[in-house]
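Engineer:
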Amino acid sequence: MKPASENGERPFDPGLNVQIVHDPLGFQYGPGIFGPKPEYRRLDSIRSSLSDPACSGPDPVYAIAMDVGKEEHRAELQARTLLFGLVTFAVGRLGEEPVRSQGHVHRISSHSGWSPPELYEIWSGRAVIYMQEFAANDPGRCFAVEAGPGDVVVVPPGWAHATLSADPARPMTFAAWCDREYGFLYDEVRKRGGLAWYAVLDAAGRLEWRPNPKYRKSQLVVGPPRDYRELGLDRSTPIYARFEQDPSSVQWVSEPGRVAEHWKNFVPCRVENHRSHPRERGGPGVVSRLGGNSHRSTAVAYGSREGPEQGDRTVKQGFGKERRTEQKIVVVVEDLIFLSKIQQTAKLTSIATETVELEKLCERLAEQQSTAAIILDLNHRSGQALDALRTIKSNPQTRRIPVIGFLSHVQADLAKAAREAGCDLLLARSAFASQLPELLRRYASLPSPPSPLLQGEPRSGV
Ligand SMILES: [Fe+2]
469 MKPASENGER PFDPGLNVQI VHDPLGFQYG PGIFGPKPEY RRLDSIRSSL
519 SDPACSGPDP VYAIAMDVGK EEHRAELQAR TLLFGLVTFA VGRLGEEPVR
569 SQGHVHRISS HSGWSPPELY EIWSGRAVIY MQEFAANDPG RCFAVEAGPG
619 DVVVVPPGWA HATLSADPAR PMTFAAWCDR EYGFLYDEVR KRGGLAWYAV
669 LDAAGRLEWR PNPKYRKSQL VVGPPRDYRE LGLDRSTPIY ARFEQDPSSV
719 QWVSEPGRVA EHWKNFVPCR VENHRSHPRE RGGPGVVSRL GGNSHRSTAV
769 AYGSREGPEQ GDRTVKQGFG KERRTEQKIV VVVEDLIFLS KIQQTAKLTS
819 IATETVELEK LCERLAEQQS TAAIILDLNH RSGQALDALR TIKSNPQTRR
869 IPVIGFLSHV QADLAKAARE AGCDLLLARS AFASQLPELL RRYASLPSPP
919 SPLLQGEPRS GV
């Protein structure tokens, strides 16, 4: 198919016989292609994530088709828990903002224990994939990756992200490889009125980035995508064709643990030309031009409106350096057989653990800033595990430490209470035991705590 040739843009051929249609928004599938009727995202449904919830704009804002592919690949896609989705955005703007999706974090998949990554491919128009490490007051590192037809962009596991159309005069369409067990968490983003940076369109139609004051100060890096060679990607082969040629080549999307080392300090855009921008530093925001397909140097590290202090922190910590060192997984487990299994597995995987008595857990967390995660037996003999969990999650100093709780699969009431208390990952005892090596690697290797889990809206589109 040739999805786009508007305004002289060089069409990109993704190697899939799908036609993008605009009135109404959606897709037409050619012979041998399966795909659903599009799901529409209405303007009213995304108002809570817009900077001006009362704004006017196109309605529907975008159309989504989850699970598209060639008939001969149906079984393979299901077996690999992979899903190929399409999204097309309407022309226009949402008040001052460009047309965009809601910010979200991917829910952890039960089959992998990971919040899955996402692999985007822009089919037409101009896109920006905005992403930040955390859906929390401190958003961590923030990036706006500018992309055009044929570009691919990777959102790493656990990051909050949104996609926007950079040109209000043109529709934008993208495809994405996702985990088939997809689910989205919106609550943390909505309660802060969106993500940590939002783009507005100036009079000339250029994007200007502004920090969201509901987050701690942060820096935004704007730039073109990397080649992601470490993930087996390049621009020479469209992402569906890559799967077609070698179905295992994108397996890391649903099994991100296969490439766990690549998610540490992941940088989604080219930064070789990044520079601080003194003129904007301390100013109200940044302006970045999207320029054709040339991808000329637009990777810029900007200071937020609150001044240069944050910039210094990012220069020191931003790229390629471990943010946390000597992190340990704290284990609060009394059952000696189970404890021994955890310790042996940790030894085999060279992951540092520390066994702590429940009664001393909060004291230990207060004394040391070196906790990668907490493994908590919710059936602790003292009966105090739930109280300890509530204490951890209500304390600003400790609430971001991921807690992995396990319990019997029949304890529905306890599971509900643990979720409500903020348990980040809740597993039946048997599932915990079977996933233990992966869980230890996952939580020990992440440069920062993963996002809250098992909450939010389970399957409701981007
Ligand atoms: Fe996503």
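Using the working numbering, you'd call the opening residue of the sequence shown number 469 and step up by one each time.
For each residue, glycine too, the CB sits at the ideal point set by N, CA and C.
With burial defined as no fewer than 16 other Cβ atoms inside 10 Å of the residue's Cβ, what is the status of LYS828: buried or exposed?
Structural biologist: Counting Cβ neighbours within 10 Å, LYS828 comes out exposed, since fewer than 16 surround it.
Engineer: Should GLU656 be listed as close to ligand 1, given that the test is whether its C-beta is under 6 Å from any heavy atom?
Structural biologist: For ligand 1, not one heavy atom lies less than 6 Å from the Cβ of GLU656.
Engineer: Taking 6 Å as the line, does the beta carbon of GLU601 fall inside it for any heavy atom of ligand 1?
Structural biologist: Because no heavy atom of ligand 1 lies under 6 Å away, the Cβ of GLU601 does not count as near it: no.
Engineer: Would you kindly report the start and end of the unbroken beta strand (DSSP E) that includes ARG710?
Structural biologist: Not the beta strand (DSSP E): ARG710 falls in the alpha helix (DSSP H), residues 707–713.
Engineer: Does the region 572–592 come close enough to the region 716–725 that 3 or more CB-CB pairs lie under 8 Å?
Structural biologist: Yes, since at least three Cβ pairs between the region 716–725 and the region 572–592 fall closer than 8 Å, the two stretches touch.
Engineer: If distances are taken between C-alpha atoms only, which option among PRO639, LYS538, GLY691 comes closest to MET441?
Structural biologist: What is shown of the chain runs 469 to 930, which leaves residue 441 out entirely.
Engineer: Which residues does DSSP pair with SER633 in a beta bridge?
Structural biologist: Answer is ALA595.
Engineer: In terms of residues, what are the limits of the beta strand (DSSP E) holding ARG887?
Structural biologist: Premise fails: ARG887 lies in the alpha helix (DSSP H), 880–889, not in any beta strand (DSSP E).
Engineer: Please confirm if the region 800–809 is in contact with the region 878–896, defined as three or more CB-CB distances below 8 Å between the two stretches.
Structural biologist: Touching, no, given that fewer than three Cβ pairs across the two stretches are closer than 8 Å.
Engineer: What are the uninterrupted segments assigned as beta strand (DSSP E) that are 3 or more residues long and contained completely in the region 476–560, given in chain order?
Structural biologist: The region 476–560 contains these whole beta strand (DSSP E) runs: 486–490, 493–497, 507–509, 530–534, 550–557.
Engineer: Considering only residues of the same chain and omitting the five flanking positions on each side of ALA664, which have a CB-CB separation below 6 Å?
Structural biologist: Counting only Cβ-Cβ distances below 6 Å, and skipping sequence neighbours, we find GLN600, PRO607, CYS610, ASN680, TYR683, SER686.
Engineer: Give a single yes or no on whether GLU589 has its beta carbon closer than 6 Å to a heavy atom of ligand 3.
Structural biologist: Within the structure as shown, ligand 3 is missing, the only ligands being ligand 1.
Engineer: Does DSSP put GLU588 in a helix, in a strand, or in coil?
Structural biologist: Just to set this straight, residue 588 is Tyr in the shown sequence, not Glu. Residue state, collapsed to three classes: strand.
Engineer: In this structure, how does DSSP classify ALA455 when only helix, strand and coil are distinguished?
Structural biologist: This structure gives no information on residue 455, because the portion of the chain shown stretches from 469 to 930.
Engineer: Taking all protein chains shown into account, do 16 or more other C-beta atoms lie within 10 angstroms of the C-beta of ARG849, making it buried, or fewer, making it exposed?
Structural biologist: Per the 10 Å Cβ criterion, exposed.
Engineer: What residues in its chain sit with their C-beta under 6 Å from that of PRO715, if we drop five residues either side in the sequence?
Structural biologist: Only GLU544 meet the Cβ criterion.
Engineer: Is GLY662 near SER517, with beta carbons less than 7 Å apart?
Structural biologist: It is a contact, given that the beta carbons lie within the stated cut-off.
Engineer: Is the beta carbon of GLU649 within less than 6 Å of some heavy atom of ligand 1?
Structural biologist: No - ligand 1 has no heavy atom lying nearer than 6 Å to the Cβ of GLU649.
Engineer: What is the C-beta distance between TYR911 and PRO870, in whole angstroms, given that I count them as a contact (C-beta under 8 Å)?
Structural biologist: Right, the Cβ-Cβ distance comes to about 6 Å (below 8 Å), so this counts as a contact.
Engineer: Tell me the DSSP secondary structure of LEU893 in three-state form.
Structural biologist: LEU893: strand per DSSP, three-state reduction.
Engineer: Tell me whether GLU586, by its Cβ, gets closer than 6 Å to a heavy atom of ligand 1.
Structural biologist: For ligand 1, at least one heavy atom lies less than 6 Å from the Cβ of GLU586.
Engineer: Could you give the C-beta distance for LEU511 and VAL529, rounded to a whole number, given that I count them as a contact under 8 Å?
Structural biologist: LEU511 to VAL529, Cβ: 6 Å. Contact.
Engineer: Measuring only the C-alpha atoms, how far is VAL735 from GLU589?
Structural biologist: For VAL735 and GLU589, the distance between alpha carbons rounds to 17 Å.
Engineer: Please report the straight-line C-alpha distance between ILE810 and GLN713, rounded to a whole angstrom.
Structural biologist: Distance between the alpha carbons of ILE810 and GLN713 is about 40 Å.
Engineer: Can the beta-carbon of PRO624 be found closer than 7 Å to that of PRO584?
Structural biologist: No; because the gap between Cβ atoms is not below 7 Å, this pair is not in contact.
Engineer: Would you mind stating whether ARG738 and ARG697 have Cβ atoms separated by less than 7 Å?
Structural biologist: It is not a contact, given that the beta carbons lie outside the stated cut-off.
Engineer: Output needed for VAL613: all residues of its chain with C-beta closer than 6 Å, excluding positions within five of it in sequence on either side, in chain order.
Structural biologist: Cβ within range, chain order: ILE597, VAL621, PRO693, PRO736, CYS737.
Engineer: How big is the Cα-Cα spacing for LEU703 and TRP591?
Structural biologist: This sequence places Arg at residue 703; Leu is not what is there. One C-alpha to the other measures close to 12 Å.
Engineer: Quick check on DSSP: helix, strand or coil for ASP803?
Structural biologist: Note: ASP803 maps to coil in three-state DSSP.
Engineer: Relative to the C-alpha of ALA595, which candidate in PRO639, ALA628, GLY581, GLY563 has its C-alpha closest?
Structural biologist: If we check each option's Cα against that of ALA595, PRO639 comes out closest.
Engineer: To the nearest angstrom, how far is it from the Cα of MET534 to the Cα of ASP647?
Structural biologist: When rounded, the distance between both Cα atoms is 11 Å.
Engineer: Note down the Cα distance separating GLY771 from ARG660, rounded to an integer number of angstroms.
Structural biologist: Unreliable placement is indicated for GLY771, whose pLDDT of 29 sits below 50; no coordinate value is reported for it.
Engineer: Using three-state DSSP, classify GLY873 as helix, strand or coil.
Structural biologist: GLY873 falls in the strand class under three-state DSSP.
Engineer: Going by the DSSP bridge assignment, what does HIS574 pair with across the sheet?
Structural biologist: BP columns for HIS574 point to PHE652.
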